[in-house]
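Structure record follows, encoded as structure tokens.
2 protein chains.
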Amino acid sequence: MKFMTKVRWLTAREERAWRALQFMQMRLEGELARQLAAASGLSYPDYLVLVALTDRPDGRMRLFELAEVLGWEKSRASHHVGRMVDRGLAKKQKCDSDRRGFYVVVTARGRRELEAAAPGHVATVRRLFVDRLTPGQLDALGDAAEAVLAAFDQSADGQRDGRVRA
Amino acid sequence: MKFMTKVRWLTAREERAWRALQFMQMRLEGELARQLAAASGLSYPDYLVLVALTDRPDGRMRLFELAEVLGWEKSRASHHVGRMVDRGLAKKQKCDSDRRGFYVVVTARGRRELEAAAPGHVATVRRLFVDRLTPGQLDALGDAAEAVLAAFDQSADGQRDGRVRA
DNA sequence: CTAACATGGTGGACGTGTCATCTATTCCCG
DNA sequence: CGGGAATAGATGACACGTCCACCATGTTAG
Numbered sequence: 001m002k003f004m005t006k007v008r009w010l011t012a013r014e015e016r017a018w019r020a021l022q023f024m025q026m027r028l029e030g031e032l033a034r035q036l037a038a039a040s041g042l043s044y045p046d047y048l049v050l051v052a053l054t055d056r057p058d059g060r061m062r063l064f065e066l067a068e069v070l071g072w073e074k075s076r077a078s079h080h081v082g083r084m085v086d087r088g089l090a091k092k093q094k095c096d097s098d099r100r101g102f103y104v105v106v107t108a109r110g111r112r113e114l115e116a117a118a119p120g121h122v123a124t125v126r127r128l129f130v131d132r133l134t135p136g137q138l139d140a141l142g143d144a145a146e147a148v149l150a151a152f153d154q155s156a157d158g159q160r161d162g163r164v165r166a
Numbered sequence: 001m002k003f004m005t006k007v008r009w010l011t012a013r014e015e016r017a018w019r020a021l022q023f024m025q026m027r028l029e030g031e032l033a034r035q036l037a038a039a040s041g042l043s044y045p046d047y048l049v050l051v052a053l054t055d056r057p058d059g060r061m062r063l064f065e066l067a068e069v070l071g072w073e074k075s076r077a078s079h080h081v082g083r084m085v086d087r088g089l090a091k092k093q094k095c096d097s098d099r100r101g102f103y104v105v106v107t108a109r110g111r112r113e114l115e116a117a118a119p120g121h122v123a124t125v126r127r128l129f130v131d132r133l134t135p136g137q138l139d140a141l142g143d144a145a146e147a148v149l150a151a152f153d154q155s156a157d158g159q160r161d162g163r164v165r166a
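Heads up: the sequence lines are chains A and B, in that order.
Numbering follows our numbering, in which position 8 of the first sequence is assigned residue number 8; successive positions increment by one, without gaps.
Numbering follows our numbering, in which position 137 of the second sequence is assigned residue number 137; successive positions increment by one, without gaps.
Shown next, in the form of structure tokens:
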């Protein structure tokens, strides 16, 4: 913080956008999670994992790959997949080419539960989000989000400069 | 689900916007939390509570009010404030006019920690989010988010129709 | 007045996410 | 080839959030 002689607080417009976005996200995630839990035995993270797995023709994926695709830390993926294995939604398969690793594989039950949950989930995403916005707004949101994300990837070094570490 | 003869899956554009937004939010919240933790002893929820409290002239607020302002459930607020009290960031004050209730009050320590953390936090919000977008994009985001939020509030009944409870 | 109901808040159980640390393997460079 | 660095993953401790059941107080209608 030494280098910041003056703080540039957020303007009213900036703050409004920032707050609205945070509230929207909070509400959306909450409703989505609740809807899934009520209509199926799946949590939202479960759902995301199952979607990722069933997107593959062989319904399997290395653990670290899953973590990458979902943007999760490896540890999180490990914990979560462990729980899903316990509930019979996925199983682990030793990997021949790399004896450190595993494949995470969807089970028949996992597939069934995903197929049962997907229509309701998509309908909720539509009802709460997609159908509330014009196509133009959707594109604008997508552009903005991707701009922010792009900045993230480059600034993997900017994270460690004086502003952040103080 | 009985009434949905056909599922309207997301189009590529819709899915792209939805995904990008989710990833953006995940990354932002993660970085924000990490930055706060590294630069201060505060978690992100701590920060939000302290901001809410210090926004009041008397630095205090009823627990249920805090929950409303932050969009939290009462239980969450109760748990979190409890932890903050343990760490000396806030304290509880019996309420005369309603003997069931409490005021949550910022302590001097809470104020100090917030003031120390705020500049770095705001700088991070700027670096990762605000400064990546044009004013037009910010407004568009704000409008879109508020449109989605508005829909939430009305549809407190639509939540319980056939699509959700199945 | 009092019985029913609503509201403010607590507490525990559970699932989830993060961090730090650890082991086993594989990669790579001299 | 040998040895250090990177990688795959597991694990334990902890903070966080949700749900649900619960208590105490307040409010309201008959």
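Each residue gets a CB set at the ideal place from its N, CA and C atoms; glycine is no exception.
Here the structure is a predicted model, which is why all the values come from computation and not from measurement.
Check                                                                                                                            : Outcome
Nearest-angstrom Cβ-Cβ length linking B:Arg-109 and B:Leu-89, presumed shorter than 8 Å                                          : 6 Å
Whole-angstrom C-beta distance between A:Phe-129 and B:Trp-18, which should lie under 8 Å                                        : 7 Å
Cβ of A:Met-26 within 8 Å of any chain B Cβ                                                                                      : yes
Those runs of the beta strand (DSSP E) which lie wholly inside the region 41 to 67 of chain A and span at least 3 residues       : 60 to 62
Exposure of B:Glu-113, with buried meaning 16 or more beta-carbon neighbours within 10 Å                                         : buried
Validate contact between the region 40 to 56 of chain B and the region 85 to 101 of chain B using beta carbons, cut 8 Å, 3 pairs : yes
Neighbouring residues, chain A, relative to B:Asp-139 (Cβ below 9 Å)                                                             : Arg-13, Arg-16 and Ala-17
Positions along the region 59 to 86 of chain A whose CB lies within less than 8 Å of some CB in chain B                          : Gly-71
The region 68 to 77 of chain B in contact with the region 115 to 127 of chain B per 3-pair CB rule at 8 Å                        : no
Short CB-CB distance (under 8 Å) between B:Gly-142 and chain A                                                                   : yes
Coil, strand or helix - A:Phe-129 by DSSP                                                                                        : coil
Distance between A:Phe-102 and B:Gln-93 (C-alpha atoms, nearest Å)                                                               : 54 Å
Segment contact flag, the region 35 to 47 of chain A with the region 30 to 37 of chain B, C-beta cutoff 8 Å, min 3 pairs         : no
Other residues of its chain near B:Val-81: CB distance less than 8 Å, five sequence neighbours each side excluded                : Val-49, Leu-63, Leu-66, Ala-90, Lys-92 and Val-104
Test: A:Ala-166 CB closer than 8 Å to a CB of chain B                                                                            : Legend: pLDDT at A:Ala-166 = 27, less than 50; position of this residue unreliable, value from coordinates given subsequently. For A:Ala-166, the answer is yes, since a Cβ of chain B falls inside 8 Å of its Cβ.
Any chain A beta carbon closer than 8 Å to B:Pro-57                                                                              : no
Continuous beta strand (DSSP E) stretch holding B:Lys-92: start and end                                                          : 90 to 94
Straight-line Cα distance separating B:Ala-140 from B:Ala-77                                                                     : 31 Å
Helix, strand or coil at B:Arg-13 according to DSSP, with G and I counted as helix                                               : helix
When A:Glu-146, A:Arg-127, A:Gly-136 and A:Asp-143 are compared against B:Leu-149, the one with the closest alpha-carbon         : A:Arg-127
First through last residue of the alpha helix (DSSP H) which encompasses A:Val-148                                               : 135 to 154
Which listed residue (A:Gly-142, A:Val-85 and A:Asp-96) has its alpha carbon closest to that of A:Leu-42                         : A:Val-85
For B:Gln-154 and B:Gln-25, the rounded distance between their alpha carbons                                                     : 24 Å
Within-8 Å CB hit, A:Glu-146 to chain B                                                                                          : yes
Cβ shell of B:Glu-29 (< 6 Å), same chain only, five flanking positions each side left out                                        : none
Whole-angstrom distance between A:Ser-97 and B:Glu-146, CA atom to CA atom                                                       : 50 Å
Chain-ordered neighbours of A:Pro-45 on chain B, where CB pairs are closer than 7 Å                                              : Those do not exist, as A:Pro-45 stays about 12 Å from chain B at its closest Cβ, beyond 7 Å.
C-beta neighbour in chain A for B:Leu-133, strict 8 Å                                                                            : yes
For A:Val-81, three-class secondary structure by DSSP                                                                            : helix
B:Val-7, enclosing beta strand (DSSP E) - first and last residue                                                                 : Where B:Val-7 is concerned, there is no enclosing beta strand (DSSP E), given that its DSSP letter is neither H nor E.
Neighbourhood of A:Gly-59 by C-beta distance below 7 Å, restricted to the same chain and skipping five residues each side        : Leu-53, Val-105 and Val-106
A:Asp-46 to B:Cys-95 span [Cα, whole Å]                                                                                          : 43 Å
Rounded distance between the beta-carbons of A:Leu-133 and B:Ala-12, thought under 8 Å                                           : So it is not a contact: roughly 16 Å between Cβ atoms.
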